[in-house]
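Just so we're aligned, residue 1 is where the sequence shown starts under the working numbering, counting upward by one.
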Amino acid sequence: MSTPMTPGIAAGRLPGEEIATNFDDLHAPYAPHEAAVAADRCYFCHDAPCVTACPTGIDIPLFIRQISTGTPEAAAKTIFDQNILGGMCARVCPTEDLCEQACVREAAEGKPVEIGRLQRHATDALMAKQSHPYTRADATGKTVAVVGAGPAGLACAHRLAMQGHDVTLYDGRTKPGGLNEFGIAAYKATDDFAAREVDWLLGIGGITLQTGKRLGTDLTLDALTGDHDAVFLAVGLGGVNALRAPGENKDSVTDAVDFIATLRQSPDLTHLPVGRDVVVIGGGMTAVDAAVQSKLLGAQNVTIAYRRGRDAMSASRYEQDLAASKGVRLMFNVQPVAIHGNGAVREVELEYTADDGTGLKGTGETIRLAADQVFKAIGQTLETDAGLTLEGRKIAVTGAGRTSRAGVWAGGDCASGGDDLTVTAVAEGRDAAMDIHATLMGSN
1 MSTPMTPGIA AGRLPGEEIA TNFDDLHAPY APHEAAVAAD RCYFCHDAPC
51 VTACPTGIDI PLFIRQISTG TPEAAAKTIF DQNILGGMCA RVCPTEDLCE
101 QACVREAAEG KPVEIGRLQR HATDALMAKQ SHPYTRADAT GKTVAVVGAG
151 PAGLACAHRL AMQGHDVTLY DGRTKPGGLN EFGIAAYKAT DDFAAREVDW
201 LLGIGGITLQ TGKRLGTDLT LDALTGDHDA VFLAVGLGGV NALRAPGENK
251 DSVTDAVDFI ATLRQSPDLT HLPVGRDVVV IGGGMTAVDA AVQSKLLGAQ
301 NVTIAYRRGR DAMSASRYEQ DLAASKGVRL MFNVQPVAIH GNGAVREVEL
351 EYTADDGTGL KGTGETIRLA ADQVFKAIGQ TLETDAGLTL EGRKIAVTGA
401 GRTSRAGVWA GGDCASGGDD LTVTAVAEGR DAAMDIHATL MGSN
């Protein structure tokens, strides 16, 4: 992303030391004794509700018990058996809405077992070892193309390789990782963790990575199906929805996903320009990540403007509270109607909204916010459907990711039915891999 250097947008708003502190690890890892104390709080429930709440079905009581007995590497193996990206999920998964919300301690005391931090403690311990914990089965002679090296694609590729298939993993960017590398806040995955996790995952062997290969331009589905025994599409959602408000093409009105990607790849955040008055349009995790990071870079006034009420925000209440704690203003029931400015944005005009029972509508009452930088975070769209049947705006799938075309599976954000979470994408990639394996080996 290139942000025009219009008045009000500047780099180096804060000293380098302060920016480094601002972007430090959001949750420091447990020390061993802290992990032991946290693990001892687990009741090790039979039919534990936390397991049901986990999209990948990790045996949470078992791995916590393994931590409590001093075997974190065994705990990590329990996690990785179900979720090979358990290290990243421990950092970015909304555990407060999933496993921790379901925890019996949460219901009884309002303080759940910190499952996410315990998961990180275990996975970090095993990933620090030199050898990969899995070995490949005997070669099957089958080849599979996996298009998209984000969470779904990586999980699928790893499981297929483990079953003995040869996988070619394509990605349109210059490096793998998908949203884990380019799309989440830098303070959630520090120390280049996303890249290190990919390198670790590829250690199983049998996966050939090809970057700079994008479906629809560099790759065609016909060629992929002709060259491989099966294809798994995990292309994500590369397009960004338009505001459909006059003035959205003015300078310094940009996509939040591009801002986050640029920030994540920046070698020196003191050189990254940010506005003085920043407005983020949207209500999801991308909106929160863009807003918080703008504030951490030194923006004076940062506002998230969302067209519905607080409860409708797809960003969790924890993330909303995090934004507020960093000084971000949250405005609800407002929608953009115009972007004002002479060439570059100077103000955002918002209209208050209300739901009269027949849908969300503008009330006619408006307010203007000063803005020298506006980020759009109002959802993403599928860039190419490769001629497959769609369900809404996503590729239609049945079962474990089967598309309308034989021999082609899909999963992650590009496929119907998911909830656009990293952990869900991992589950879909894993399950599709096992369905592909069964089909290739003639057991389906």
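Glycine included, each C-beta is placed from N, C-alpha and C at the ideal position.
Since the structure is predicted, the reported quantities are computational estimates derived from the model, not experimental observations.
Inside the region 227-301, DSSP marks whole beta strand (DSSP E) runs of 3 or more residues at positions 230-233, 253-255, 277-281, from first to last along the chain.
Judged by DSSP secondary structure, Ala-410 falls outside any alpha helix (DSSP H) and instead within the beta strand (DSSP E) spanning 408-410. Using a Cβ distance threshold of 8 Å, Ala-38 and Glu-100 do not count as a contacting pair. Per DSSP, reduced to three states, the secondary structure at Val-113 is coil, with no helix or strand assignment. Counting the other CB atoms within 10 Å of its CB gives Thr-208 a total below 16, which places it among the exposed residues.
In terms of Cα proximity to Leu-243, the closest of Tyr-30, Gly-206, Lys-376 is Lys-376. When DSSP assignments are scanned along the region 339-416, no uninterrupted stretch of alpha helix (DSSP H) that is 4 or more residues long falls wholly within it. With distances taken between CA atoms, Gln-66 lies nearest to His-121 out of Thr-21, His-121, Ala-31. Here the alpha carbon of Asn-22 sits roughly 42 Å from the alpha carbon of Met-434. In this chain, Leu-98 is not harboured by any beta strand (DSSP E), its DSSP state being neither H nor E.
Comparing alpha carbon positions, the residue from Ala-90, Val-144, Glu-18, Asp-372 closest to Met-441 is Val-144.
The alpha-carbon of Ala-195 is positioned some 27 Å away from that of Gln-320. Taking C-alpha positions only, Asp-251 is separated from Val-198 by approximately 36 Å. The C-beta of Arg-368 has fewer than 16 other C-beta atoms within 10 Å across all chains shown, which makes the residue exposed. Using a Cβ distance threshold of 8 Å, Glu-181 and Lys-188 do not count as a contacting pair. Between Val-274 and Ala-291, the CB-CB gap reaches or exceeds 8 Å. DSSP places Gln-119 within a helical segment (H, G or I) once states are collapsed to three. In the DSSP assignment, Gln-130 falls outside any alpha helix (DSSP H) and carries neither an H nor an E. Distance between Glu-349 and Asp-311, taken at the CA atoms: about 23 Å.
In this structure, the beta-carbon distance from Cys-93 to Thr-422 falls below 8 Å. Looking only at Ala-315, Asp-227, Asn-333, the smallest Cα-Cα distance to Gly-359 is reached by Asn-333.
Apart from sequence neighbours up to five positions away, the residues of its chain that approach Pro-61 with a beta-carbon distance below 7 Å are Cys-42, Phe-44, Cys-45, Ala-48, ordered along the chain. It is roughly 10 Å from the alpha-carbon of Ser-68 to the alpha-carbon of Leu-118.
Selection Leu-330, Val-253, Gly-212 evaluated against Arg-307 yields Leu-330 as nearest (Cα-Cα). Under the Cβ criterion (8 Å, minimum of three pairs), the region 201-221 does not count as touching the region 275-291. Residue pairing by DSSP places Asp-199 in no beta bridge whatsoever.
In this model, Ala-10 and Asn-249 are separated by some 20 Å (Cα to Cα). Annotation for Gln-163: Ala-137, His-437 place their beta carbon closer than 6 Å to its own, counting only its chain and skipping 5 residues before and after.
Take Lys-77, set aside five residues on each side of it, and the residues of its chain with a beta-carbon closer than 8 Å to its own are Leu-126, Pro-133, in chain order. If you check the CB distance, Gly-429 and Ala-152 come in under 8 Å.
Per DSSP, Thr-52 is one residue of the alpha helix (DSSP H) stretching across 49-53. Take the alpha-carbon of Gly-12 and the one of Glu-347: they are about 23 Å apart.
One thing to note: Gly-57 has its Cβ within 8 Å of the Cβ of Gln-82. Residues of the same chain with a CB within less than 6 Å of the CB of Arg-159, apart from the 5 flanking positions on each side, are Arg-430, Ala-433 in chain order.
Within the region 136-202, the runs of alpha helix (DSSP H) at least 4 residues long that lie entirely inside it are, in chain order, 151-162, 179-182, 193-201.
For Leu-209, the secondary structure class from DSSP, reduced to helix, strand or coil, is strand.
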